Amino acid sequence: MLLAFDTSSAAVTVAIADPATGAAVASSTTVDALRHGELLAPAIAAALAEAGCTARDLTRIAVGVGPGPFTGLRVGLVTARTMADVLGIEVAGVCSLDILAHQSELALPVAVATDARRKEIYWALYDGPAADGSRRRLEGPAVDKPADVAHVLSGLPVIGRGAVLYADLLGATADEVVEYPSAEVLARGVALGTLEIVAPDPLYLRRPDVTMSGGPKSVLTK
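Under the UniProt record's numbering, think of the first position of the sequence shown as 1, with each following residue one higher.
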């Protein structure tokens, strides 16, 4: 079986799917930006139980690599790598913006914009869907202030959480905005080969907020 999950956004999304067809047999999505570490393991356990299998039945893991905030993204990638190492199976990484682009049912080019916090967005541009449903990434991923890239996204339907948060700056949104990546779409794309596979390394695009200490300050007066 194929286990797929993504923690690059405020959502923790998990799916168990047929490794050949990508058809999901169990899935769940919970939106909670502050509890990725608490939610992921129970969600995986619940999906396995619903699918009637155990971790030993897994033959492959697919995981979203971001871009996304440091903490949530790290939870997903550490879990994927650890499980794959213990089980001796492959872990396939996928750009999380690519997952969102594949979720669009529009038969034309689209822009994806997700929440990067700090009043910024992660974004990328995609061509229209090919016959197999795949979309070619034309530009990105990148992180910018919405106002700084509004002219780049102009004229395209925008999907993702960023489209909702900054609709006044980014302009036209798709009729039904998909806000978060879907593990079911991730599983299907990996199984069918319509999503590009990358190394399971985090795609942060910027440094984490934590900074190294410059050392103790002197209390001596000169």
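In this text, a Cβ means the ideal position worked out from N, Cα and C, and glycines have one as well.
Keep in mind the model is a prediction, meaning the values are calculated, not measured.
**Prompt:** Which residue's Cα is closest to the Cα of Ala39: Ala55, Ala51, Thr21, Thr13?
**Reply:** Here residue 39 is Leu; the residue named in the question, Ala, does not match the sequence. Minimum Cα distance to Leu39 is reached at Thr13.
**Message:** Can you tell me whether Ala26 is helix, strand or coil according to DSSP?
**Reply:** strand
**Asked** Taking Cβ positions, are Ala10 and Tyr180 nearer each other than 8 Å?
**Response** yes
**Asked** By DSSP, does Arg81 sit in helix, in strand, or in coil?
**Response** helix
**Request:** Assign Lys222 to buried or exposed, taking buried as 16 or more other Cβ atoms, counted over all protein chains shown, within 10 Å of its Cβ.
**Result:** Its pLDDT being 44, under 50, Lys222 is placed unreliably in this model, and the value from its coordinates should be taken loosely. Flag for Lys222 reads exposed.
**Request:** Provide the residue span of the alpha helix (DSSP H) that contains Arg188, from first to last.
**Result:** 183 to 192
**Prompt:** What is the DSSP secondary structure of Asp88, counted as helix, strand or coil?
**Reply:** In the sequence as displayed, the identity of residue 88 is Gly instead of Asp. Looking at Gly88 - three-state DSSP - the assignment turns out to be coil, as it is neither helix nor strand.
**Prompt:** Cβ atoms of Gln103 and Val31: under 8 Å apart, would you say?
**Reply:** no
**Prompt:** So, is Glu120 buried or exposed, given that buried needs 16 or more other C-beta atoms within 10 angstroms?
**Reply:** Buried, since its Cβ has 16 or more Cβ neighbours within 10 Å.
**Request:** Decide yes or no for the touch test of the stretch 125 to 145 against the stretch 84 to 92: beta carbon pairs closer than 8 Å, at least 3 of them.
**Result:** no
**Asked** What did DSSP end up calling Ile197 once you bin it into helix, strand or coil?
**Response** Of the three classes helix, strand and coil, the one that applies to Ile197 here is coil, per DSSP.
**Asked** Alpha carbon to alpha carbon, how far is Ala47 from Ala101?
**Response** 24 Å
**Request:** Could you name the residues of the same chain whose beta carbon sits closer than 8 Å to that of Val190, not counting the 5 residues immediately before and after it, in chain order?
**Result:** Take Val190, set aside five residues on each side of it, and the residues of its chain with a beta-carbon closer than 8 Å to its own are Leu2, Ala4, Gly22, Arg60, Ala62, Ala92, Val94, Ile197, in chain order.
**Asked** Looking at the structure shown, is Glu139 part of a helix, part of a strand, or coil, going by DSSP?
**Response** Strand, per DSSP.
**Item:** Counted within 10 angstroms of its Cβ, other Cβ atoms place Thr54 as buried (16 or more) or exposed
**Value:** Thr54 counts as exposed, since fewer than 16 other beta carbons sit within 10 angstroms of its beta carbon.
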